[in-house]
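Residue numbers (my numbering): -10 to 286. Just so it is clear, CB atoms sit at the ideal spot from N, CA and C, and this is done for glycine as well. The structure presented is a predicted model; accordingly, all values stated were derived computationally and were not measured. Below is one structure; the comments refer to it alone.
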Amino acid sequence: MNSPTTPDPAWLDVQYNNRALVPDHGRYFERWARESAVARERLPGMLNLAYGHGAGETLDVFPAQRRDNDPLAPVLVFIHGGYWRSLDKSDHSFLAPAFVSQGACVVIPNYALCPAVTIPQITLQMVEALAWVHRHIAVHGGDPRRISVVGHSAGGHLAAMLMVCEWERHAPDLPPDLVNNALSISGVFDLEPLRHTPFLKDSLRLTPQAVRMASPAGLPKEWPDAQDERGVLLSVAGGSESQEFQRQCRLIREAWGEASVPVCELLPGLNHFSVLDALVQPGHRLHHLARQLLDLT
-10 MNSPTTPDPA WLDVQYNNRA LVPDHGRYFE RWARESAVAR ERLPGMLNLA
40 YGHGAGETLD VFPAQRRDND PLAPVLVFIH GGYWRSLDKS DHSFLAPAFV
90 SQGACVVIPN YALCPAVTIP QITLQMVEAL AWVHRHIAVH GGDPRRISVV
140 GHSAGGHLAA MLMVCEWERH APDLPPDLVN NALSISGVFD LEPLRHTPFL
190 KDSLRLTPQA VRMASPAGLP KEWPDAQDER GVLLSVAGGS ESQEFQRQCR
240 LIREAWGEAS VPVCELLPGL NHFSVLDALV QPGHRLHHLA RQLLDLT
């Protein structure tokens, strides 16, 4: 039996092993890679720009379709998933065309992968990536005052972590509201279960301290400065995902409150991989939510 105090490892494996839960997951990865290669061929963009000096610290920028006199475009930063231990930004270029064509600048960062690094270290890499975006995106036609983050799975966790970053402590030139708002798709907000999940334990190497440092649900979304008007986090997951992913989706609203997480939804009929496809489907609720963050509606 499983309980919050004595998690059953076999049950956790069933709940968190999305590739086992979606037997044809390989087809998603193959199609994403194929469509991403086409997107990089067809879209003007700057690939593999360095935002730091460490392994994996590069990003791709796909500028908005705009004329010279147009105002700077809203910026969508997409953070990929893969349980912090797999996949790559190049697998996710397919997301860019749907938003570039509607007037957004799309940035897709990479990060180093576990077990070479820890999840707190990856979180700091994403802080560096967003700092780079704020400082440099205007050169590419993006508005540094209109940055939204969208993340899938592990990327959804990282998107939430960026919402609680104390930017001015990281660097004095960064505004407290550097990230306007975020959309977490199938995010994980409490890392404690993953510390006990057999297929993840050895690569993630989570310690109790790392869980406390990097679990968004345990970090207060409260700031002492009343003028610090940070944006909101939208939390969604697929209606066909496991009980644990559905619980994680609800958990962040329970932790941060409805004002900070105004959208907390399960999207009917979608699994852990098809939910990401919905992000680029015109007319889908998830695509609408992303456009809403970017003020493209």
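Item to check | Local conformation of S79 per DSSP, three classes | outcome: helix
Checklist entry - V139: which of Y40, V116, P109, L268 sits nearest, CA to CA? => result L268
Next on the checklist: Using C-beta distances below 7 Å, list every residue in its chain close to G258, excluding the 5 sequence neighbours before and after it, in chain order.
Outcome noted: G228, S229
Item to check | Touch test, the region 80 to 90 against the region 151 to 169, Cβ-Cβ under 8 Å, three pairs minimum | outcome: no
Checklist entry - Is it buried or exposed for H141, if we count other Cβ within 10 angstroms and need 16 for buried? => result buried
Next on the checklist: Does G70 come out as helix, strand or coil in the three-state DSSP assignment?
Outcome noted: coil
Next on the checklist: Ignoring anything shorter than 3 residues, give me the beta strand (DSSP E) runs that lie fully in the region 5 to 50, in order along the chain.
Outcome noted: 35 to 39
Checklist entry - On the premise that A149 lies in contact with S173, defined as a C-beta separation below 8 Å, what is that separation, rounded to the nearest angstrom? => result 5 Å
Checklist entry - Based on the DSSP output, what are the partners of G176 in its beta bridges? => result DSSP lists no partner for G176.
Next on the checklist: Helix, strand or coil, according to DSSP, for C253 in the structure here?
Outcome noted: strand
Checklist entry - Measuring CA to CA, which of F234, N169, L256, I108 is closest to P197? => result I108
Checklist entry - If we ignore side chains and look at the alpha-carbon of each, how far apart do V116 and E46 end up? => result 11 Å
Item to check | 7 Å Cβ cutoff met for N170 and S192 | outcome: no
Next on the checklist: Does the CB of H14 have a neighbour CB from chain B at under 7 Å?
Outcome noted: The structure shown contains no chain B; it is built from a single protein chain.
Checklist entry - Nearest to V252 by CA position, among F262, N6, L275, is which residue? => result L275
Item to check | Distance between Y72 and L38 (C-alpha atoms, nearest Å) | outcome: 23 Å
Checklist entry - In terms of alpha-carbon separation, which member of L10, Q237, V96 lies closest to P63? => result V96
Checklist entry - Straight-line CA distance for P52 to L265? => result 21 Å
Checklist entry - Between L240 and F188, is the Cβ-Cβ spacing less than 7 Å? => result no
Checklist entry - In chain order, which alpha helix (DSSP H) runs of at least 4 residues are fully inside the region 78 to 143? => result 85 to 89, 108 to 125
Checklist entry - Of all the options H42, S263, S204, which has the alpha carbon lying nearest to the alpha carbon of T112? => result S204
Item to check | Own chain partners of E181 with C-beta closer than 6 Å, once the 5 adjacent residues on each side are dropped | outcome: V200
Next on the checklist: Given this structure, state the Cα-to-Cα distance separating R306 from R194, to the nearest angstrom.
Outcome noted: Lying outside -10 to 286, the shown extent of the chain, residue 306 is not represented and no answer is given.
Checklist entry - For Q270, is the classification buried or exposed, using 16 other Cβ atoms within 10 angstroms of its Cβ as the cut-off for buried? => result exposed
Checklist entry - Does DSSP put P63 in a helix, in a strand, or in coil? => result strand
Next on the checklist: When you compare the CB positions of S82 and S175, do they come within less than 7 Å of one another, or not?
Outcome noted: no
Item to check | Simplified DSSP assignment, three categories, for P153 | outcome: Going by the sequence as given, residue 153 is Val instead of Pro. V153: coil per DSSP, three-state reduction.
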